[in-house]
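Q:
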């Protein structure tokens, strides 16, 4: 006889709502996606109340999942029923920055400038010409770190990087720089990430991916505003 079956229990709902069953990486992903969805819902509530109520509910659930470390849905699903891998997600966006192409490339190439406009990126420590160490920090003092390497560097034209082996969230990015009218630059950004094995099913992924796409677009818009605000002589300075 299994002695565990004889123990007093508070009930399945209580047990599933109090256990910490979300990894550190999962909490970071959920917090970022939840915050983004809540922001989108509030911003768009006047235009489409019904659609944005759904976003608000999903965003609130993801925030709870990230901040508490508990996922009742995960607790209710057997391990054997969960997909082992979530699909890689590709996010693409573009924008015109009113700066010459060489200046835009030079600012981005200095990787420790990136936290100036990437909202959740806390620090990028440049190790050498190709390698760097990245840290993101979210609500609840939850942090995640990984190492990255530059895989392609064509000055003034293209810059690509990827996380190195062992990163909790495998990710990669590429930025292309093109001349635009009026001494401006068009930047074309591609960002790819793959959550760790067993982290989430396809349904939750579909809810979270638009939130991450919005985060990337928001950061690119901040990059545009940040760089255009500098006097030309100072636009590669830190901070």
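In our numbering, the protein residues as written are 89 to 327. Don't be surprised by glycine CBs; every beta carbon is placed ideally from N, CA and C.
If we cut at 8 Å on Cβ distances, does residue 272 have a partner in chain C?
A: Considering every chain present, this structure includes no chain C. It has just one protein chain.
Q: Taking all protein chains shown into account, do 16 or more other C-beta atoms lie within 10 angstroms of the C-beta of residue 142, making it buried, or fewer, making it exposed?
A: As a working note, residue 142 is residue 54 in the chain shown. Exposed.
Q: Relative to the alpha-carbon of residue 216, which residue among 210, 224, 238, 209 has its alpha-carbon at the smallest distance?
A: Translated into positions along the chain shown, residue 216 becomes position 128. Looking at the Cα atoms, 238 is the closest of the given residues.
Q: Evaluate contact between the stretch 302-315 and the stretch 198-210, counting only Cβ atoms and requiring at least three cross-stretch pairs below 8 Å.
A: Yes, the stretch 302-315 touches the stretch 198-210.
Q: Compare the beta carbon distance of residue 265 and residue 193 with 8 Å and say whether it is the shorter of the two.
A: If you number the chain shown from 1, residue 265 lands on position 177. If you number the chain shown from 1, residue 193 lands on position 105. Yes, the pair counts as a contact, with Cβ atoms nearer than the cut-off.
Q: So is residue 186 buried or exposed if we call it buried at 16+ other beta carbons inside 10 Å?
A: Residue numbering aside, residue 186 sits at position 98 when the chain shown is read from its first letter. Exposed, since its Cβ has fewer than 16 Cβ neighbours within 10 Å.
Q: Please confirm whether residue 276 and residue 182 have their CB atoms less than 8 Å apart.
A: What you label residue 276 is simply residue 188 of the chain shown in a count that begins at 1. What you label residue 182 is simply residue 94 of the chain shown in a count that begins at 1. A contact, by the Cβ cut-off of 8 Å.
Q: Using a Cβ-Cβ cut-off of 6 Å (strictly less than) and excluding sequence neighbours within five positions of residue 189, which residues of its own chain qualify?
A: Numbered from 1 along the chain shown, position 101 holds the residue referred to as residue 189. So the qualifying residues of the chain are 244, 265, 267, 273.
Q: Once you ignore the five residues that flank residue 150 on each side, which residues in its own chain have a CB closer than 6 Å to its CB?
A: Position 62 of the chain shown, counted from the first residue, corresponds to residue 150. Excluding positions up to five away in sequence, the list reads 118, 121, 122.
Q: CB residue 235 to CB residue 251, shorter than 8 Å?
A: If you number the chain shown from 1, residue 235 lands on position 147. If you number the chain shown from 1, residue 251 lands on position 163. The answer is yes: Cβ separation under 8 Å.
Q: Under a Cβ-count criterion, where at least 16 other Cβ atoms within 10 Å of its own Cβ denotes burial, should residue 126 be classed as buried or exposed?
A: Locating residue 126 in the chain shown gives position 38, where the first residue counts as 1. The residue is buried, with at least 16 neighbouring Cβ atoms inside 10 Å.
Q: Span of the beta strand (DSSP E) holding residue 194?
A: On the chain shown, residue 194 is found 106 positions in, with the first residue counted as 1. Note, residue 194: premise wrong, no beta strand (DSSP E); alpha helix (DSSP H) at 189-197.
Q: Span of the beta strand (DSSP E) holding residue 211?
A: One-based indexing of the chain shown puts residue 211 at position 123. 209-214 is the span of the beta strand (DSSP E), which, as asked, contains residue 211.
Q: Out of 213, 281, 269, which has the shortest C-alpha to C-alpha gap to residue 179?
A: Here residue 179 refers to the residue found at position 91 when the chain shown is read from its first residue. Nearest C-alpha to residue 179: 281.
Q: In chain order, what residues of the same chain lie with their CB nearer than 7 Å to the CB of residue 129, ignoring the 5 residues before and after it?
A: Locating residue 129 in the chain shown gives position 41, counting from the first residue. Cβ within range, chain order: 140, 143, 144, 147.
Q: Answer yes or no: do residue 113 and residue 232 have a C-beta to C-beta separation smaller than 8 Å?
A: Sequence index remark: in the chain shown, residue 113 carries index 25 (1-based). Sequence index remark: in the chain shown, residue 232 carries index 144 (1-based). Yes.
Q: Spatial neighbours of residue 303 within its chain, please: C-beta separation below 6 Å, excluding the five flanking residues on both sides.
A: Here residue 303 refers to the residue found at position 215 of the chain shown. These residues qualify, in order along the chain: 124.
Q: Assign residue 312 to buried or exposed, taking buried as 16 or more other Cβ atoms, counted over all protein chains shown, within 10 Å of its Cβ.
A: Residue 312 sits at position 224 when you count from the first residue of the chain shown. Classification for residue 312: buried.
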